[in-house]
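Below: the structure, in structure tokens.
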Amino acid sequence: MTAVLAENTAELDAAGSTQREKTARRLLASSARYSYNPDLDIDWTSGPVEGMWHMQPERMTLYGTPLWDALTEEQRIELSKHEVISVARVGLWFEVLLMGMLAAHAYNQDPASAHAQYALTEIGDETRHSVMFARWADMYGGNHYKPHPVVHHLGKVFRLVAPTGPSMWAGTLVAEELLDRLQREGMNDERMQPMSRMVAKIHVVEEARHVRFAREELERAMAQSHWGPSRYFHRVFAAVAAAVIARSLVSPHVYASVGLDEKTARKAALANPNYQDTTRWMGEKILPFLEEVGMVNRTARAIYKFVHLV
Ligand SMILES: [Fe+2]
Ligand SMILES: [Fe+2]
Numbered sequence: 049m050t051a052v053l054a055e056n057t058a059e060l061d062a063a064g065s066t067q068r069e070k071t072a073r074r075l076l077a078s079s080a081r082y083s084y085n086p087d088l089d090i091d092w093t094s095g096p097v098e099g100m101w102h103m104q105p106e107r108m109t110l111y112g113t114p115l116w117d118a119l120t121e122e123q124r125i126e127l128s129k130h131e132v133i134s135v136a137r138v139g140l141w142f143e144v145l146l147m148g149m150l151a152a153h154a155y156n157q158d159p160a161s162a163h164a165q166y167a168l169t170e171i172g173d174e175t176r177h178s179v180m181f182a183r184w185a186d187m188y189g190g191n192h193y194k195p196h197p198v199v200h201h202l203g204k205v206f207r208l209v210a211p212t213g214p215s216m217w218a219g220t221l222v223a224e225e226l227l228d229r230l231q232r233e234g235m236n237d238e239r240m241q242p243m244s245r246m247v248a249k250i251h252v253v254e255e256a257r258h259v260r261f262a263r264e265e266l267e268r269a270m271a272q273s274h275w276g277p278s279r280y281f282h283r284v285f286a287a288v289a290a291a292v293i294a295r296s297l298v299s300p301h302v303y304a305s306v307g308l309d310e311k312t313a314r315k316a317a318l319a320n321p322n323y324q325d326t327t328r329w330m331g332e333k334i335l336p337f338l339e340e341v342g343m344v345n346r347t348a349r350a351i352y353k354f355v356h357l358v
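If you're matching positions, the sequence shown starts at 49 in our numbering and goes up one per residue.
Here is the structure:
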């Protein structure tokens with residue numbers, strides 16, 4: 049019986065690693081064909097086009113509130129610039145964390161494998177994205193829209209602890225899929241600034257590969273994780289990371305750009321049913337997947353609910 053079980057597990061492992069290599073080879077081929085160089089592919093000399101949005105107004109934090117109604121159209125557009133820059137700047141923060149975790153992951157792999165080579169290639173994508181986001185934020189004076197200092201330090205804990213289990217891939221997927229939802233819609237929105245649309249397009253194309261990679265890794269990590277306390281820890285840890293990411297995307301400092309009191313506006317944003325719907329919409333693709341692979345227990349669900357990701 050034990051021998052049969054061992055044989056089955058070995059077969060499963062072999063099948064898993066063949067699939068892992070197959071996926072990585074496909075992703076490497078796609079990276080070679082469809083990658084951007086934001087230094088060259090974005091016209092950094094062009095300024096903003098007057099009257100165009102920097103992000104979709106309906107997805108902004110104050111949309112539909114009395115505070116929103118009191119803003120002029122010009123102020124709303126100005127705020128859209130600061131909100132999208134904040135999202136990009138927080139995305140950058142997560143990407144830098146992710147690069148550290150991917151490097152730690154690659155350290156344990158055979159560098160001759162397509163899997164390790166793809167992990168390294170993804171680091172390459174993320175370095176270009178982070179420089180692109182930093183440059184974009186700098187252009188509009190928004191590099192100070194970083195996560196709260198406590199979150200910054202918590203990120204270091206996440207980088208150290210998460211790579212030991214499924215929460216690294218789950219946290220990564222939440223960060224990537226929330227942004228993907230927003231950017232996929234934004235890149236096709238003709239009311240938006242050409243630069244916003246191009247940044248979104250570059251990110252959407254390259255992130256689609258990262259999402260595929262992380263989804264399969266999460267499935268594998270969960271299939272290999274059998275110890276109850278560890279599964280519990282990673283489920284809750286991933287939910288906390290997701291909540292922190294969702295709550296950090298738009299910095300309260302953005303509201304000062306249109307003369308609003310940061311505390312009052314933040315409070316209105318968190319209580320805004322429209323923004324709660326937007327948050328659920330951003331989580332609509334990833335949360336059912338987390339559920340499907342067994343990453344959501346009662347505690348995790350309560351955390352996702354608390355921040356309106358479900
Ligand atoms: Fe990225
Ligand atoms: Fe990514």
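Each residue gets a CB set at the ideal place from its N, CA and C atoms; glycine is no exception. Please read all numbers here as calculations on a predicted model, not as lab measurements.
Query                                                                                                                      : Result
heavy atom of ligand 3 below 7 Å from Glu255 C-beta                                                                        : In the structure on display, ligand 3 does not appear, and the ligands it does have are ligand 1 and ligand 2.
Outcome for Gln272 when other beta-carbon atoms lying within 10 angstroms are tallied against a minimum of 16              : exposed
Near ligand 1: His177 beta-carbon under 7 Å from a heavy atom                                                              : yes
Range covered by the alpha helix (DSSP H) that runs through Lys204                                                         : Pro197 to Val209
Gly99 burial status per 10 Å Cβ neighbour count (16 or more: buried)                                                       : exposed
Residues near Leu202 by beta carbon distance below 7 Å, same chain, minus five either side                                 : Val292
Lys249 versus Gln231: straight-line alpha-carbon distance, rounded                                                         : 7 Å
Cut-off 6 Å between Cβ atoms - residues of its own chain near Arg245, not counting five sequence neighbours on either side : Met235
Whether Thr109 touches Ala317 by CB criterion (8 Å)                                                                        : yes
heavy atom of ligand 2 below 7 Å from His258 C-beta                                                                        : yes
Residue(s) in a DSSP beta bridge with Met240                                                                               : Trp101
CB contact below 8 Å: Trp275 versus chain C                                                                                : This model lacks chain C altogether; it includes just one protein chain.
Any non-hydrogen atom of ligand 1 closer than 7 Å to Asp89 Cβ                                                              : no
Through-space distance from Arg124 to Gly112, alpha-carbon basis                                                           : 12 Å
Heavy atom of ligand 2 within 7 Å of Glu224 beta-carbon                                                                    : yes
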